[in-house]
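One point on numbering: in the numbering used here, the residue at position 260 of the first sequence is 260, and numbering is uninterrupted. One structure is given below, encoded as structure tokens.
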Amino acid sequence: MKLATFNINGIKARIEALPAWLAEAAPDVVVLQEIKSVDEAFPREVFEGLGYRVETHGQKGFNGVAILSKLPLNDVRRGLPGDDSDEQARWIEAVVDAGARPVRVCGLYLPNGNPAPGPKYDYKLGWMARMEVRIREMLAAEEHFVCLGDYNVIPLAVDAAKPEAWVGDALFLPEARAAFRRMANLGLTDAVRVREPGPGVYTFWDYQAGAWERNNGIRIDHVMCSPQVADRLEEAGIDKAVRGRDKPSDHVPVWVRIAA
DNA sequence: ATGCCATCCAATGGATGA
Numbered sequence: 001m002k003l004a005t006f007n008i009n010g011i012k013a014r015i016e017a018l019p020a021w022l023a024e025a026a027p028d029v030v031v032l033q034e035i036k037s038v039d040e041a042f043p044r045e046v047f048e049g050l051g052y053r054v055e056t057h058g059q060k061g062f063n064g065v066a067i068l069s070k071l072p073l074n075d076v077r078r079g080l081p082g083d084d085s086d087e088q089a090r091w092i093e094a095v096v097d098a099g100a101r102p103v104r105v106c107g108l109y110l111p112n113g114n115p116a117p118g119p120k121y122d123y124k125l126g127w128m129a130r131m132e133v134r135i136r137e138m139l140a141a142e143e144h145f146v147c148l149g150d151y152n153v154i155p156l157a158v159d160a161a162k163p164e165a166w167v168g169d170a171l172f173l174p175e176a177r178a179a180f181r182r183m184a185n186l187g188l189t190d191a192v193r194v195r196e197p198g199p200g201v202y203t204f205w206d207y208q209a210g211a212w213e214r215n216n217g218i219r220i221d222h223v224m225c226s227p228q229v230a231d232r233l234e235e236a237g238i239d240k241a242v243r244g245r246d247k248p249s250d251h252v253p254v255w256v257r258i259a260a
């Protein structure tokens, strides 16, 4: 089974690039971030026509996440628990019916947090604390689960082409990185990093200042696997070439293949 | 030291992003 994450930066703007990538990469399940659409406006027919079930958790203008799946989805849940006043659409999860060993797939768009310090950074750290609670629940249940998406965290200096440029940024500040480690240290496996230990592995290149041409990237989209899913991990990768095509998102897809 | 560019909403400019 192939699972992927892709921050598309607007479904309307990616209405050609996303189906093109789906056709060639053929993931069984993909979680999307920044659909920037309300549920009613999401062009679900396009993806249903490609064989995907569509579950969205949208909001007007910003944020918004979705799951596309060729396999049946059960127990679909929208929104990260822990704060009823949180209006931002950044979390969706569902259990993928993969036969004998179902997998709970959590698609997340973690808050950016800039400028830091400030209320946006506080929201980011609070959101990460709530996510840690949800991960602890799933671990306690010994579920097979994957948390994949745009974490907006550069875990280590090796995850940035120019780490010195990110000092003081909410993506690289010590508290945000520590919160990421607290989750990882519960026993989650960073699927790409365990297979690609070296530098130069990125998932995002800014539209500005020729970041793509200069390979000035950062690795902020992650596939974090539960212990049981890590046991099943066969392959992991980043579809970097997508960034060089017409009308690209500033992020590229990240994927894993796990044993049935 | 800041903007660069892109997207969306709504209206020729502002907010947001990373």
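Each residue gets a CB set at the ideal place from its N, CA and C atoms; glycine is no exception.
Return helix, strand or coil for residue i, following the three-state DSSP convention.
i    : result
A209 : helix
I218 : strand
I238 : strand
D150 : strand
G244 : helix
E55  : strand
V223 : strand
E93  : strand
V254 : strand
A230 : helix
V38  : coil
V158 : helix
A259 : coil
A165 : helix
F145 : strand
F275 : Since the first residue of the chain shown is 1 and the last is 260, residue 275 is not available in this structure.
Suppose you measure from the CA of residue i to the CA of residue j; what does that come to, to the nearest Å?
i    : j    : result
V167 : R181 : 18 angstroms
L148 : W91  : 10 angstroms
N114 : R257 : 33 angstroms
V229 : R193 : 15 angstroms
P64  : A25  : The residue asked about is misnamed: residue 64 is Gly in this sequence, not Pro. Roughly 23 angstroms between the two C-alpha positions.
D206 : G82  : 32 angstroms
A170 : A140 : 30 angstroms
G244 : I67  : 25 angstroms
I15  : L233 : 31 angstroms
V105 : P117 : 32 angstroms
V95  : D86  : 23 angstroms
A17  : S249 : 9 angstroms
E45  : K12  : 13 angstroms
A184 : E235 : 19 angstroms
K247 : N112 : 23 angstroms
P275 : I8   : This structure cannot speak to residue 275, because the chain is shown only from 1 to 260.
I218 : A98  : 32 angstroms
P27  : L3   : 6 angstroms
P163 : A100 : 43 angstroms
A129 : L110 : 11 angstroms
V30  : G187 : 23 angstroms
Got a sec, what are the start and stop residues for the alpha helix (DSSP H) residue i sits in?
i   : result
V46 : 44-48
W21 : 17-25
Within 10 Å of its beta-carbon, does residue i have 16 or more other beta-carbons around it, so buried, or fewer, so exposed?
i    : result
D159 : buried
N152 : buried
A165 : exposed
P119 : exposed
D231 : exposed
N215 : exposed
D221 : buried
D84  : exposed
G210 : exposed
Provide the residue span of the beta strand (DSSP E) that contains residue i, from first to last.
i    : result
F180 : Counting along the chain, F180 falls outside any beta strand (DSSP E), though it belongs to the alpha helix (DSSP H) covering 174-184.
G79  : No beta strand (DSSP E) holds G79; DSSP gives it neither H nor E.
F135 : Note that residue 135 is Ile in the sequence shown here, rather than Phe. Looking at the DSSP string, I135 is not in any beta strand (DSSP E); the run it does join, the alpha helix (DSSP H), is 119-140.
V192 : Run containing V192: none in the beta strand (DSSP E); it sits in the alpha helix (DSSP H), 191-195.
T5   : 2-7
R104 : 103-109
V29  : 29-33
L68  : 65-69
### Query
Within the chosen definition, does the region 147-164 reach the region 235-245 through at least 3 CB pairs nearer than 8 angstroms?
no
### Query
How about the region 29-40 and the region 171-190: do they share at least three Cβ pairs that are nearer than 8 angstroms?
no
### Task
Taking 8 angstroms as the threshold, find out whether the region 124-135 comes into contact with the region 38-52 through three or more Cβ pairs.
no
### Contact between the region 133-148 and the region 50-65 (3+ Cβ pairs under 8 angstroms)
no
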